[in-house]
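Colleague: Just so we're aligned, residue 876 is where the sequence shown starts under this note's numbering, counting upward by one. Below is a structure I'd like to ask you about.
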Amino acid sequence: MTKRIKWLPLFIAILLAVCCVPFITGLALAQDDGGDGGDSGDDGGEEGGEGGGAAQCTCGDDYSGCSVAMYSNGYVNAYFGSSGSVTRIGHSISEPAQTVQFSLPVAGRWCVTDPNEEVALNMYAPNKAAHDAHEAHGSSNGYTGVPCGTYGIIKIKVDGKISLVGSSGGYWKKAPATTPKPSAGYGEGLLGGFIEGIWVVNTGGQDEQTASASVYSVSDAKTKTEATIINETIEVRIRMYCVNKYVRFEYLITNRSASNHTVGICMGCDIPENPFNSGYDNNSYIAGPSVNDAIEPLYGLFNETFLPGIGKEANNVGDWWPETYGTWNDPVRAKAEPLLSVPDSCDFFDDISAPAVNARILFGKADATKPDFFAIGNAGELNGAGSWPSIDYDPDHLLTTVDMYWSAVWEPKTVKSQASTKIVTYYGFGEDEAAWSTGTGDSAVLDWVSLATHAPKAINVTNGAFDPDQFDITATVYNMAKDSGPYALKNVKATLILDEGLELVSGTPLSTIGDVPTNSDASTSWTVRPTGTRTGELTYRISASDANGWSQMVSNSIVVPGSPNTVLTGGYQMVNVPFTMKNSSPANVFGLAASDFNSWIWSPSFSSYGAVGDTVPGKAFWMNMKNLYYGDYLPVSLPSDAAPVTDDYTYSISTGWNMIGNPYTYPVYWGQVMFYDPVSRISVSLENAVKNGWVSKILWSWNTASLSYDANTSTETILNPWQGYWIKAYRPLTVVMRYPVYPGVN
876 MTKRIKWLPL FIAILLAVCC VPFITGLALA QDDGGDGGDS GDDGGEEGGE
926 GGGAAQCTCG DDYSGCSVAM YSNGYVNAYF GSSGSVTRIG HSISEPAQTV
976 QFSLPVAGRW CVTDPNEEVA LNMYAPNKAA HDAHEAHGSS NGYTGVPCGT
1026 YGIIKIKVDG KISLVGSSGG YWKKAPATTP KPSAGYGEGL LGGFIEGIWV
1076 VNTGGQDEQT ASASVYSVSD AKTKTEATII NETIEVRIRM YCVNKYVRFE
1126 YLITNRSASN HTVGICMGCD IPENPFNSGY DNNSYIAGPS VNDAIEPLYG
1176 LFNETFLPGI GKEANNVGDW WPETYGTWND PVRAKAEPLL SVPDSCDFFD
1226 DISAPAVNAR ILFGKADATK PDFFAIGNAG ELNGAGSWPS IDYDPDHLLT
1276 TVDMYWSAVW EPKTVKSQAS TKIVTYYGFG EDEAAWSTGT GDSAVLDWVS
1326 LATHAPKAIN VTNGAFDPDQ FDITATVYNM AKDSGPYALK NVKATLILDE
1376 GLELVSGTPL STIGDVPTNS DASTSWTVRP TGTRTGELTY RISASDANGW
1426 SQMVSNSIVV PGSPNTVLTG GYQMVNVPFT MKNSSPANVF GLAASDFNSW
1476 IWSPSFSSYG AVGDTVPGKA FWMNMKNLYY GDYLPVSLPS DAAPVTDDYT
1526 YSISTGWNMI GNPYTYPVYW GQVMFYDPVS RISVSLENAV KNGWVSKILW
1576 SWNTASLSYD ANTSTETILN PWQGYWIKAY RPLTVVMRYP VYPGVN
């Protein structure tokens, strides 16, 4: 497939980011005639969410009429377009002084925003601070996030035919509208209202206009329902709930025909980013850094991605493989290619080193249904109305991605006649880790309460000491119930459970939160510090319960890096030193006498152990402390010239068993490790190295607690600082590691 630069998505992205009409945070929402009724709201808050039927965008003379359903729980806003389009006035790329007009459809598009700042998670729209800063530069075209424009899209694939919801290949049985106060029901009424639209794909021979006319020309409600069933083949009910700080997307697929059909779902949206990363000189767009520093900081939302098993992805995601997950139907090889597993979550940051805004997709938590395929790449390659990403996506890894987009695909599966199937996913703000169900996946039952934790994602090391040396872990109980009934929580108590390596600074693990009435939240906090006895991703758990029997548990983790101050344990241990220094003999590194320990390193060339001469980052070895009992710790401090490795790093391994380690002070995912073959002169991912027969996927580690080996095959396995591992290579290779970056770490 020949690659071409797709100018239209870039053109639209830049016009949206730079040339949009001014728009204030307070949205003017008016009730649409086709809505379900209720009072309109103007602040995106609770009252606006409760009352909003379909809302009419009245954004000024530059916007044509459009109808958008909106609901909010006060923590997150959900929007779903019913009909119409948005007209924008912008500048020409070739002639910046020349204004151009273009229109973007609203029907079928969805959007997620922050009720307080109107930060949109799928639009090229800065937050209010960026808007004000833009105004300060003398420009009058800055704007805050609005519920019209570059919405996310949804596609339905029935028997190989693709329908773009709200646009083509189907029709609305029910246009998106807000149901503000549903009837009481566990998991529905308790969560308040929702937005609902029903999109129909007809595969029975009638085109959508004929079918739609026959359905909506019937005036009697009962007859209309019967006519609808006759003409409909596949009905997709789309609901958007607000759950904690996320929007829950629920797709209920019902086959109303007499035959079985295959049905799949594809959804995705733009990732707000800096469109000027490609360079901006008022006349053209060129590869390279931006030359307009006044505008550069204003459009930097979510241009850094963090994926479990991969870590940080740069804005130009094509620089690193892979950016596709699940099963990819390779268009070049014309066959399905297995990729890395679809992660449970994916995070987008405005600035990963000092994150102010964090957007997150949830694929594998609560009642979410994991997609079969997930990709981050160029919008023009992923969001085409007639394309299906897992088949048609052919990324060019040499082309910088300047218009980032995410796409998730639930591949078509058979839905029997008169049967239904459900797909659920979540998108929202990811500052917290939250639980709001009992069970997971298909067995999950939505709770009316959400227990969330909040703490730093990672901590730094400054001058050999943890920075900060202590931090707060907060537990928040959100009572989301809206129905009347016995849903108020009484005398809530929360208990903090810490991994080894974390300890309370003061107080007790048990804390009293108190009563939490319906439609409210309450919090408690603990102050914790890292001890240095363990490094890597350390887990903490919070268990909460009330006097009437409600209970939930949620877990989270914080990354604790290795520091020059560490501990050695009694007995045998596999050690890797992630520091360099002038004298790197084990005795000097640990400040030990030769009589205090023994050390050995395995030589795959000679298939035997030998003495350890110098410690080398990435090369593990055995140590045995002669005078330290099993289970005891010995604090040690490295020499003052110990320096961490802070750049990409390589080291060689030989055919056979090799003792390796993580050369960095921060954890590295096993899936991040790459391998270079000096014969073919190519570097490939772990998955491809295993597929090529170069190396075994099993990563062996010595467990000092059980005195046995642990076998790890998941790409999300953590290679911790200071720890050693075994891998088996089937040819000489070079291990290639990228310096890991974690949220909140400089």
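We put the beta carbon where it would ideally sit given N, CA and C, even for glycine.
For Tyr1599, report the span of its alpha helix (DSSP H) as first-last.
Modeller: A small fix is needed here, since residue 1599 is Gly in this sequence, not Tyr. Where Gly1599 is concerned, there is no enclosing alpha helix (DSSP H), although the beta strand (DSSP E) it sits in stretches over 1599 to 1604.
Colleague: Going by Cα to Cα distance, which pick from Tyr946, Val1450, Asp989, Tyr1617 is closest to Pro1331?
Modeller: When each option's Cα is compared against that of Pro1331, the closest is Tyr1617.
Colleague: Using 6 Å as the cut-off, classify the Cβ of Asp1269 as near or not near the heavy atoms of the ligand HEM, replying yes or no.
Modeller: Although the ligand HEM was asked about, the structure shown includes no ligands whatsoever.
Colleague: Which word fits Arg1556, buried or exposed, when buried means at least 16 other C-beta atoms lie within 10 angstroms of its C-beta?
Modeller: Exposed, by the Cβ-count rule.
Colleague: Counting only the same chain and skipping the five closest in sequence on each side, list residues whose C-beta sits under 6 Å from that of Ile1031.
Modeller: If we look at Ile1031 and ignore the five residues flanking it on each side, its Cβ neighbours are Ser1038, Val1076, Val1111.
Colleague: Taking the C-alpha atoms as reference points, what is the distance between Val1435 and Thr1108?
Modeller: Each residue's alpha carbon lies about 54 Å from the other.
Colleague: Checking 7 Å against the spacing of the C-beta atoms, do Val951 and Cys1117 come in under that value?
Modeller: Cβ atoms of Val951 and Cys1117: closer than 7 Å.
Colleague: List, from N- to C-terminal side, the alpha helix (DSSP H) runs of 4 residues or more that fit wholly inside the segment 1204 to 1269.
Modeller: DSSP runs (the alpha helix (DSSP H)) wholly in the segment 1204 to 1269: 1254 to 1257, 1264 to 1267.
Colleague: Which value, in whole angstroms, describes the spacing of the CA atoms of Ala1333 and Met1500?
Modeller: Cα-Cα distance, rounded: 31 Å.
Colleague: Are Thr1289 and Asn1135 touching if we call contact CB-CB under 7 Å?
Modeller: Yes, Cβ-Cβ distance for Thr1289 and Asn1135 is below 7 Å.
Colleague: Starting from Glu1562 and walking both ways along the alpha helix (DSSP H), at which residues does that stretch end?
Modeller: Its alpha helix (DSSP H) spans residues 1561 to 1566.
Colleague: Roughly how many whole angstroms lie between the Cα atoms of Lys1056 and Leu1371?
Modeller: Straight-line Cα distance between these residues: approximately 36 Å.
Colleague: Three or more C-beta pairs closer than 8 Å, one from the segment 1346 to 1362 and one from the segment 1385 to 1399: is that the case here?
Modeller: Verdict: yes, contact present.
Colleague: Where DSSP assigns a beta bridge to Arg1123, which residues make up the other side?
Modeller: Partner(s): Tyr1116, Tyr1301.
Colleague: Quick one: what's got a C-beta closer than 8 Å to Ala1518's C-beta in the same chain, skipping five residues either side?
Modeller: Only Phe1454, Thr1455, Met1456 meet the Cβ criterion.
Colleague: Taking just the CA atoms, how far does Ala1419 sit from Thr1313?
Modeller: The alpha-carbon atoms of Thr1313 and Ala1419 are separated by roughly 13 Å.
Colleague: Nearest to Pro1287 by CA position, among Gly1493, Ala1340, Thr1202, Asn1258, is which residue?
Modeller: Nearest C-alpha to Pro1287: Thr1202.
Colleague: Could you spell out where the beta strand (DSSP E) holding Pro1510 opens and where it closes?
Modeller: Start and end: 1508 to 1512.
Colleague: To the nearest angstrom, how far is the alpha carbon of Asp1552 from that of Cys986?
Modeller: Whole-angstrom Cα-Cα distance: 45 Å.
Colleague: Can you check which of these residues, Trp1281, Asp1247, Ser1482, Gly959, is closest to Gly1259 by C-alpha distance?
Modeller: Answer by Cα proximity: Trp1281.
Colleague: Should Val1559 be labelled buried (16 or more other beta-carbon atoms within 10 Å of its own) or exposed?
Modeller: It is buried - the Cβ of Val1559 has at least 16 other Cβ atoms within 10 Å.
Colleague: Among the residues of its own chain, which have a CB less than 7 Å from the CB of Ile1348, if the five just before and after it don't count?
Modeller: Thr1328, Ala1330, Leu1371, Ser1400, Trp1401, Val1403, Tyr1415, listed in sequence order.
Colleague: Could you give the residue range of the beta strand (DSSP E) that holds Ala1462?
Modeller: Segment 1461 to 1465 is the alpha helix (DSSP H) holding Ala1462; no beta strand (DSSP E) there.
Colleague: Taking one C-beta from the segment 1491 to 1510 and one from the segment 1524 to 1535 each time, how about it: are there three or more such pairs within less than 8 Å?
Modeller: Short answer: they touch.
Colleague: Would you kindly work out how many angstroms separate the C-alpha atoms of Tyr1505 and Gln1345, rounded to a whole number?
Modeller: So the two alpha carbons sit approximately 29 Å from each other.
Colleague: To which residues does DSSP link Thr1308 through a beta bridge?
Modeller: A quick correction: the sequence has Glu, not Thr, at residue 1308. Thr1328, per the DSSP bridge assignment.
Colleague: Quick check on the burial criterion: 16 or more other C-beta atoms within 10 angstroms. Buried or exposed for Asp1585?
Modeller: Under this definition Asp1585 is an exposed residue.
Colleague: Taking the C-alpha atoms as reference points, what is the distance between Ser1576 and Val1520?
Modeller: Cα to Cα, Ser1576 sits roughly 22 Å from Val1520.
Colleague: If you compare alpha carbons, which of Pro990, Asn991, Ser957 is closest to Arg984?
Modeller: Out of Pro990, Asn991, Ser957, Ser957 has the C-alpha closest to the C-alpha of Arg984.
Colleague: Per DSSP, which one or two residues make a beta bridge with Gln1427?
Modeller: Paired residues: Ala1419.
Colleague: What distance in whole Å lies between the Cβ atoms of Pro1246 and Leu1257, which are believed to be in contact at a cut-off of 8 Å?
Modeller: At roughly 13 Å, the Cβ-Cβ gap does not stay under 8 Å, so Leu1257 and Pro1246 are not in contact.
Colleague: Tell me the DSSP secondary structure of Ala1469 in three-state form.
Modeller: Three-state result, Ala1469: helix.
Colleague: Whole-angstrom Cβ separation of Met1142 and Ile1028, contact assumed at under 8 Å?
Modeller: About 7 Å; that satisfies the 8 Å criterion.
Colleague: Closest by CA to Gly1630, which one among Pro1230, Asp1507, Leu1379?
Modeller: Only positions 876 to 1621 of the chain appear in this structure, which leaves residue 1630 out of reach.
Colleague: So what does DSSP say about Lys1097, is it helix, strand or coil?
Modeller: Confidence is the limiting factor: at Lys1097 the pLDDT is only 41, short of 50, which leaves the residue's position unreliable and the question unanswerable from this model.
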